[in-house]
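**Q** Going by UniProt numbering, the sequence shown wraps up at 97, each residue one higher than the last. Just so it is clear, CB atoms sit at the ideal spot from N, CA and C, and this is done for glycine as well.
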Amino acid sequence: MSTLHMLSHSPFTDSRLGSCLRLCGAQDAILLCGDATYALQAGSAPFQALHAKALNVFVLAEDAQARGLALPEWAQRVDYPGFVQLSIEHDKVNTWL
Numbered sequence: 001m002s003t004l005h006m007l008s009h010s011p012f013t014d015s016r017l018g019s020c021l022r023l024c025g026a027q028d029a030i031l032l033c034g035d036a037t038y039a040l041q042a043g044s045a046p047f048q049a050l051h052a053k054a055l056n057v058f059v060l061a062e063d064a065q066a067r068g069l070a071l072p073e074w075a076q077r078v079d080y081p082g083f084v085q086l087s088i089e090h091d092k093v094n095t096w097l
């Protein structure tokens, strides 16, 4: 069973990203939206943790653009229809509130 993990909080203010990464399986994916996109700041600890886990990482395009973030090659940009498609493709969706 695959799970889409949705994160929207800054990885610099709490431990949701770290908890999520500990639970992620090989078939799981992560969708960063809102302030969670700050995890893609090159050289940061969240950036390194995401890259090291080698998961499918997706980023809501408008949130990354609003924050002026460049995406690494291992993260995929999605729009809202792409977000809906990810929700359909995975068995479960877990929102880290």
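For the candidate residues 57, 6, 46, whose alpha-carbon lies nearest to that of residue 97?
**A** Ranking the options by Cα distance to residue 97, first place goes to 6.
**Q** What residue range does the alpha helix (DSSP H) around residue 77 cover?
**A** Note, residue 77: premise wrong, no alpha helix (DSSP H); beta strand (DSSP E) at 75 to 78.
**Q** Compute the Euclidean distance between the alpha carbons of residue 23 and residue 29, then round it to the nearest angstrom.
**A** Between residue 23 and residue 29, the C-alpha separation is close to 11 Å.
**Q** Who does residue 6 pair with in a DSSP beta bridge?
**A** According to DSSP, residue 6 bridges with 31, 95.
**Q** If you follow the beta strand (DSSP E) that residue 60 is in, where does it begin and where does it stop?
**A** Segment 56 to 60, the beta strand (DSSP E) holding residue 60.
**Q** How would you call residue 78, buried or exposed, if buried means at least 16 neighbouring beta carbons within 10 angstroms?
**A** Label assigned to residue 78: buried.
**Q** Kindly give me the distance between the Cβ atoms of residue 31 and residue 60, rounded to whole angstroms, as I take these residues to be in contact under 8 Å.
**A** Contact holds; Cβ gap of about 7 Å.
**Q** Below 6 Å CB to CB, which residues in the same chain sit around residue 67 once its five sequence neighbours on both sides are set aside?
**A** These residues qualify, in order along the chain: 37.
**Q** Beta-carbon within less than 6 Å of residue 10's beta-carbon, same chain only, minus the 5 sequence neighbours each way: which residues are those?
**A** Result list for residue 10: 35, 38, in chain order.
**Q** On a CA-only basis, which of 87, 94, 14, 52 is nearest residue 74? Give me that one, please.
**A** The shortest C-alpha separation from residue 74 is found at 52.
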